[in-house]
Amino acid sequence: MIRARFAPSPTGYLHIGSARTFIFNWLYVRKNNGTMVLRIDDTDVDRNTEASLNSIYEGLNWLDLGWDEFYRQSERLDLHRKLAYDLLAKGLAYRDFTPAAQDLEERAHGEGPWLCNPEMRALSREESDRRAAAGEPFAIRFRVERDPVRAVKFPDQVYGEQSKLTSDIEDFALLRSNGMPTYHLASCADDIDLKITHIIRGQDHLSNTFKHVLLFEAAADGFVPNFAHLPLLIAPDGAKLSKRKHGPVVSALTYRDNGFLPLAYINFLCLLGWSPKDNREQMTLEELTAAFSFEGVNRSNAVVNFSDADPIDPKALWLNSQHLRTVSVETLAPIVRKTLEEHKLAPYGDEAFFRHVVDTIRSRYATLLDFPTKGRAYFADDFHIEKQAEDKLNAPGARELLRELAKRLAANVEFTEASVEADLRKLAEERSVKAGVLINASRAALTGQSVGPSAFAVFVCIGRERVIERLSRV
RNA sequence: GGCGCUAUCGUCUAACGGUUAGGACGGAGCCCUCUCAAGGCUUAAAUAGGGGUUCGAUUCCCCUUAGCGCUACCA
């Protein structure tokens, strides 16, 4: 039984890269009928915020994928501490009484790697116990086996066989002097306890994994989970995505706020660092789930293409427009209705009429935001008349013809695209004007725009009553 | 500095050593047309550099270069 986890730490909003990690975990779990665990890695009390936690939930909820089990590391601290002390008792870890970060500077610029504080590692058990009993603060470090030097190995499902010499792995901290576990300890202790079988996470953890393997070997009776590391998402300048440098594009919620369908966003993210290898681009959740595999995951970082002028990746926008025009109207209509409500607009007519309108106009829209903006005339009478539309209305005789058309449509009870077209063409013929002039002027009068769906479709979408009103007042 | 990872069109990517290096977004052009989209068609655009191995390297190996990650009592 496969068990995977997504483990964000609440120190910011839901990052676009985290969102993708969550999605890949979810896809892998669903494909293999496994269990999806959401675990909040909140052991860094200084940096965690409630606002961040809420923001992460908000992002995850928007994605609408769900999870099966939920845990918070801050509620499991005893488990983490127990593991640290078990290792200490077994001699696999030791107390380090060196004040925190005392020698950071030396470590970073030394010749070789910093491995440990030798005096602390060499401290006798009695001496260590005595100083601890005396109340001296200490951190607990893992005792990486030094002699003989050996290679720590693990197979990565994406990056292949990985290996690192113990002589390149430092005695990493397990427990801080304030009693809180470090990430490495808490993460592994929980992975063991929660029986996680697959650890799917960002490639920034690839080098950390050797430490984790050491921990698993020491604490999990030899059970080491499977690892799959994902290439990172980076900015066009090659740097990693950061809020400070790149602004809101790094937050998943930005796409929601820009009118993205969750599925389109998921689809877009999946195509960053993964490929179904058969040229498919637009895919449903079912298709993504069926196609997902680690073989399809790339090893090089993927650029999210955005600029100051255009914060949304053009391909994401294209995918959103594709999904917008292909999801079922039943699914789309409630989402559009909600978007309209957020803009203080409400559809005219009944549900069937609303669906027809949505279905008619969605094909030229790229985001949900286009419904209340570009599509305002379909949901309100106070729409703005654009310059190009004004020009169409100013065509010689156009306004008078529109008023005449309004009168004739008053008698058109059927009011279908065909019947409206018949009336319009008949009028144009009688007055010897090109139908196109009337058609374009109609669209302009009805929507305030020179562009949009077929004019006859527009008539029906606006509705007979409002059509007559709008044509009469030109 | 040490260690690890990576390198195909501008971007996302495909090509189990043999292809005219394929697709998508974006760009350009054409068609369709009541406008705008959509759609269809066409087009420009890539194997970082250098060595090997091989009859043959985008593909395997080495070096260089570049980028990224880790090197915290952050995660």
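Using the numbering used here, you'd call the opening residue of the first sequence number 5 and step up by one each time.
We put the beta carbon where it would ideally sit given N, CA and C, even for glycine.
Between residue 471 and residue 436, the alpha-carbon positions lie close to 23 Å from each other. Counting C-beta pairs closer than 8 Å gives three or more between the region 67-77 and the region 42-54, which meets the contact rule. Pairing residue 155 with residue 167, the inter-Cα distance amounts to about 6 Å. Its chain contains 359 as the residues whose beta carbon lies nearer than 8 Å to that of residue 334, once the 5 sequence neighbours on both sides are disregarded; these appear in chain order. Considered as a whole, the region 27-86 harbours 54-67 as its complete alpha helix (DSSP H) runs of no fewer than 4 residues, in chain order.
Contact between residue 298 and residue 344 is ruled out by a C-beta separation of about 42 Å, above the 8 Å threshold. A distance of 7 Å or more separates the beta carbons of residue 243 and residue 204. For residue 159, there is no enclosing alpha helix (DSSP H); the enclosing beta strand (DSSP E) covers residues 155-160. Three or more Cβ pairs closer than 8 Å define a contact, and the region 314-328 meets that threshold against the region 365-373.
Here DSSP, grouped into helix, strand and coil, assigns residue 232 to strand.
Proximity of the region 379-399 to the region 443-450 meets the contact definition, three or more beta-carbon pairs being nearer than 8 Å. When the five nearest sequence neighbours on each side are left out, the beta carbons in the same chain lying within less than 6 Å of the beta carbon of residue 405 are those of 442, in order along the chain. Secondary structure note for residue 144: its beta strand (DSSP E) is the uninterrupted segment 143-146.
Cβ-Cβ separation between residue 15 and residue 234: approximately 20 Å, too far for a contact (criterion under 8 Å). As for any beta strand (DSSP E) of minimum length 3 sitting wholly inside the region 209-284, the runs are 230-234, ordered along the chain. In this structure residue 245 does not touch residue 27 by the C-beta definition: roughly 16 Å separates them, more than the 8 Å allowed. With the rule of 3 Cβ pairs closer than 8 Å, the region 268-281 counts as touching the region 302-311.
Residue 256 is not a Cβ neighbour of residue 70, given a cutoff of 7 Å. Residue 55 is positioned such that its CB atom lies no closer than 7 Å to that of residue 29. Here the alpha carbons of residue 290 and residue 141 stand approximately 54 Å from one another. In the DSSP assignment, no residue is bridged to residue 397. When C-beta atoms of the region 421-431 are compared with those of the region 451-470, three or more pairs fall below 8 Å, so the two segments count as touching. Per the C-alpha coordinates, the member of 127, 104, 85, 476 positioned closest to residue 189 is 85. C-alpha of residue 48 to C-alpha of residue 82: approximately 15 Å in a straight line. Pairing residue 266 with residue 328, the inter-Cα distance amounts to about 11 Å.
By the neighbour-count criterion, in which a residue is buried when 16 or more other Cβ atoms sit within 10 angstroms of its Cβ, residue 5 is exposed. According to the DSSP assignment, residue 10 belongs to the beta strand (DSSP E) that extends over 7-10. One Cα belongs to residue 377, the other to residue 220, and the distance between them is close to 55 Å. If only uninterrupted alpha helix (DSSP H) runs of at least 4 residues are considered, those enclosed by the region 418-464 are 421-434, 439-451. Within the DSSP secondary-structure output, residue 165 pairs in a beta bridge with 159. Here DSSP, grouped into helix, strand and coil, assigns residue 100 to strand. The beta carbons of residue 99 and residue 128 sit no closer together than 7 Å. The continuous stretches of alpha helix (DSSP H) do not include residue 204, which lies in the beta strand (DSSP E) extending over residues 202-206. Of the candidates 170, 209, 239, 413, 239 places its Cα closest to the Cα of residue 312. Secondary structure of residue 122 (DSSP, three-state): helix. Residue 430 and residue 263 have their C-alpha atoms roughly 41 Å apart.
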